[in-house]
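Here is the structure we will look at.
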Amino acid sequence: MPSFSSNFRTGACTTVSKSLPSVLLLLSVAVPILLPMDDFLVKRQDMWKRSLRFILRMTSGVVYSIVMHILIITAFTLLTFQIFYTRGGFDVVLFFHVIGPSVLYLVFGLLEIAVRASFKDQMCVTFFGHISHMVGSMFLLTYRVPSNHIEAFAFCFLGIPFFFWTFFVMCSTFIPEFLGDDSLIQPLV
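The UniProt record's numbering numbers the first residue of the sequence shown as 1 and each following residue consecutively.
Here it is, written out as structure tokens:
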């Protein structure tokens, strides 16, 4: 009996000792190489700068402006139809309360087109476009919403993300590091 247990122990030890280098190799490969904290933070900061640079280049063109205008005007139109659908009839006073902000937004859109046609300064044009989009989202929030809670939620659900996105993009153009970079105002599309 002792010879069986000693052979068993010896065999098990030999098997473990033979597979030990492969296990150690596997463990050494699985452990990531840790970078110093400064290098890690610099790489993270560079990633955010590249992402922000891409966002600024994508939002400085005419295509972005057209898409934002279409989205905001579509939101105005759909929400206006929703109000009249839930009311069941046409009310002139409600019509002017609802249509007023969308008409003001259309005026801002026309002003943006006039600025794009007359100014050659791309930074000014881009900034005025961001202001126009932000004003449109604020007008979307200033609708005189009836007492229906679903409509109130719809206005806020559409207006608040538009406002924060346009505010973020507009404020991003004023980062001191990006102000002197002319490549950011050359749109990608």
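Cβ atoms here follow ideal geometry from the backbone N, Cα and C, with glycine treated the same way.
Separation of residue j from residue i, as counted between CA atoms
i      : j      : result
Gly129 : Ile66  : 10 Å
Asp91  : Met138 : 24 Å
Ala114 : Thr126 : 13 Å
Arg44  : Gly159 : 31 Å
Pro161 : Ser118 : 31 Å
Gly100 : Leu110 : 16 Å
Leu94  : Phe81  : 12 Å
Selection from the options that minimises the alpha carbon distance to residue i
i      : options                          : result
Ser102 : Phe54, Phe127, Leu140 and Thr126 : Leu140
Phe163 : Phe81, Gly180 and Ser132         : Ser132
Tyr85  : Leu52, Ser60 and Glu151          : Glu151
Coarse secondary structure for residue i, derived from DSSP in three states
i      : result
Lys49  : helix
Phe174 : coil
Asp181 : coil
Phe108 : helix
Val67  : helix
For residue j and residue i, believed in contact at Cβ under 8 Å, the rounded distance
i      : j      : result
Ile55  : Ser172 : 7 Å
Phe108 : Gly136 : 7 Å
Contact check, residue i vs residue j, beta carbons under 8 Å
i      : j      : result
Met123 : Met170 : no
Ala154 : Leu106 : no
Val98  : Ile83  : yes
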